[in-house]
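Counted the way the UniProt record's numbering counts, the sequence shown spans residues 1 to 373. Note sheet for the following structure.
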Amino acid sequence: MSVWVSKPGSHWPHHGGCGLGPAPAFLGLSDFFAPVADMIAHHFLLSTEQINWLSRVYFVASIPSGVVAIWVLDSVGLRWALGIYIIPAGITCLLATACLLESVPPPPPSARAIHSTSEKFLDGLKLLLCNRAYVVLAVCFGGGIGIFSSFSALLEQVLCVRGYSNEFIGLCGALFIVFGVLGALVLSLYVDRTKLFTEAVKIGFCLTSVVCVAFALVSQLQGQTLALAAICSLLGLFGFAVAPIAMELAVECSFPVGEGAAAGLIFVLGQAEGVLIMVLLTALTVRRAEPSVSTCQDGQGPLDWRVSMLLMAGLCTLFSCFLVLFFHTPYRRLQAEASASCSIQEDMSPATVDRGDGGRAPHSSFSSPWVST
Numbered sequence: 001m002s003v004w005v006s007k008p009g010s011h012w013p014h015h016g017g018c019g020l021g022p023a024p025a026f027l028g029l030s031d032f033f034a035p036v037a038d039m040i041a042h043h044f045l046l047s048t049e050q051i052n053w054l055s056r057v058y059f060v061a062s063i064p065s066g067v068v069a070i071w072v073l074d075s076v077g078l079r080w081a082l083g084i085y086i087i088p089a090g091i092t093c094l095l096a097t098a099c100l101l102e103s104v105p106p107p108p109p110s111a112r113a114i115h116s117t118s119e120k121f122l123d124g125l126k127l128l129l130c131n132r133a134y135v136v137l138a139v140c141f142g143g144g145i146g147i148f149s150s151f152s153a154l155l156e157q158v159l160c161v162r163g164y165s166n167e168f169i170g171l172c173g174a175l176f177i178v179f180g181v182l183g184a185l186v187l188s189l190y191v192d193r194t195k196l197f198t199e200a201v202k203i204g205f206c207l208t209s210v211v212c213v214a215f216a217l218v219s220q221l222q223g224q225t226l227a228l229a230a231i232c233s234l235l236g237l238f239g240f241a242v243a244p245i246a247m248e249l250a251v252e253c254s255f256p257v258g259e260g261a262a263a264g265l266i267f268v269l270g271q272a273e274g275v276l277i278m279v280l281l282t283a284l285t286v287r288r289a290e291p292s293v294s295t296c297q298d299g300q301g302p303l304d305w306r307v308s309m310l311l312m313a314g315l316c317t318l319f320s321c322f323l324v325l326f327f328h329t330p331y332r333r334l335q336a337e338a339s340a341s342c343s344i345q346e347d348m349s350p351a352t353v354d355r356g357d358g359g360r361a362p363h364s365s366f367s368s369p370w371v372s373t
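Shown next, in the form of structure tokens:
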């Protein structure tokens, strides 16, 4: 799944993620099944644990295919990497792409494209692993991706135990996504003006941790529909808002490594952490023998998610504290682009020659017939 982010202050789109191979299919299945895991388990005569493995398979498949996608992006470029997806589009899309001719000259490359210093794939990976700031950001933000993936997959199973209906749980999931998109839009516009990448990511992570703790506590109570709806909205608002800024920050702190490798490796690590977190959360659940108000329709006894939710909140808080304390980096890409822009302006300035009086005058090869030499 290609993840695109716009570089603040730039007019050219830039690849902030990587193609994750079978991600669209697996992500679609896991997103469709996870909100109604109990009904799917009842209909197909499966256990919820087997349904959860559908989401885990997506995480696992994303890891090797994500590495391959990063290599393709850095080796043959974005155009060829995206060109692979043209094949299933059919002959119509191919003709529309290949046969239309532009009526204007192609736009010139940007200053950054002219002075590109991106490293090769393997060399870039070595530089990333030796970059302390990038490793800290990758581990913390990758953990955040894993927590959010687990939250989306397990939301229905956590809330149905406390008597909440599938309709309300679906509403919480929708609020989670809608407010996340709004938060990402607003924060991206703010960072575009201020360039406060680090501050925005750290504050967003801390606020996400606070809301995650609130969800861990309120989700174990009954009849808290308004509180849960507000918490899911805030969780999406703060959590999703951090994602595009963190991707930009990863590219900033890892320059001159290519954007595909810098951002893509974080997503691959996020899938790996997502597998571990989801397995751990489901392993800590226990069956409840006492009567309950559960609305789960899996035909099995309700699960107790109290310990799992507290662990999820604890991990989110741990990642936030680790990021705030140990992540410090200069904005290397912005500095390099500023230097390149200054050098281009100097190269484009007119050449100068010495005057007899010690001053400088623009040199010109034009000789006027009205001036005596």
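We treat Cβ as the ideally placed atom computed from N, Cα and C, and that holds for glycine. None of the values given here were measured: they were computed from a predicted structure.
How close, in whole Å, do the beta carbons of residue i and residue j come, if the pair is a contact with beta carbons under 8 Å?
i    : j    : result
S152 : M278 : Not a contact, Cβ separation roughly 10 Å.
G124 : A261 : 5 Å
V242 : F205 : 6 Å
S188 : T317 : With 8 Å as the limit, S188 and T317 do not qualify as a contact, their Cβ atoms being about 25 Å apart.
F244 : A184 : In the sequence as presented, Phe is not what sits at residue 244; that position holds Pro. Their Cβ separation, rounded to whole angstroms, is 6 Å, which keeps P244 and A184 in contact under 8 Å.
T198 : L265 : Contact doesn't hold; Cβ gap of about 19 Å is too wide.
G180 : F240 : 3 Å
When DSSP builds the beta bridges, which residues end up paired with residue i?
i    : result
D304 : V286
In angstroms, rounded to a whole number, what distance separates the CA positions of residue i and residue j?
i    : j    : result
S30  : I145 : Below a pLDDT of 50, predicted positions are generally treated as unreliable, and S30, at 47, falls in that range; no measurement from the model is reported.
V136 : L280 : 22 Å
L182 : L196 : 19 Å
L226 : R332 : 44 Å
C253 : V139 : 14 Å
R162 : T285 : 14 Å
P256 : I231 : 39 Å
A313 : C342 : 47 Å
S294 : Y164 : 8 Å
M247 : C296 : 37 Å
V324 : D192 : 21 Å
L129 : A340 : 26 Å
V178 : L217 : 23 Å
T282 : S308 : 7 Å
G170 : L228 : 12 Å
Q224 : F148 : 21 Å
P64  : L207 : 32 Å
V213 : L122 : 39 Å
A69  : Q222 : 45 Å
Q335 : H328 : 16 Å
Can you tell which of the options has the C-alpha that lies nearest to the C-alpha of residue i?
i           : options                : result
L320        : L303, V286, G142, L128 : As written in the sequence, residue 320 is Ser, which differs from the Leu given in the question. Looking at the Cα atoms, G142 is the closest of the given residues.
L234        : V211, R288, E248       : V211
R306        : L159, E259, Y190, L269 : L159
R287        : L334, V186, D304       : D304
L127        : C296, E259, S308       : E259
E167        : S308, E156, I147       : E156
L237        : F327, G274, T282, L175 : L175
A133        : V178, F326, A336       : F326
S219        : F148, L310, P330       : L310
E337        : L276, L269, V251, E273 : V251
I203        : P302, L221, F322       : F322
L315        : L276, Y190, L154, L221 : L276
residue 382 : L154, N131, L122, L221 : Not covered by the structure: residue 382. The range shown for the chain is 1 to 373.
P330        : A69, L207, N131, L221  : N131
Determine the burial state of residue i: buried for a count of at least 16 other Cβ atoms within 10 Å of its Cβ, exposed for fewer.
i    : result
Q271 : buried
T194 : exposed
C172 : buried
P302 : buried
L269 : buried
V186 : exposed
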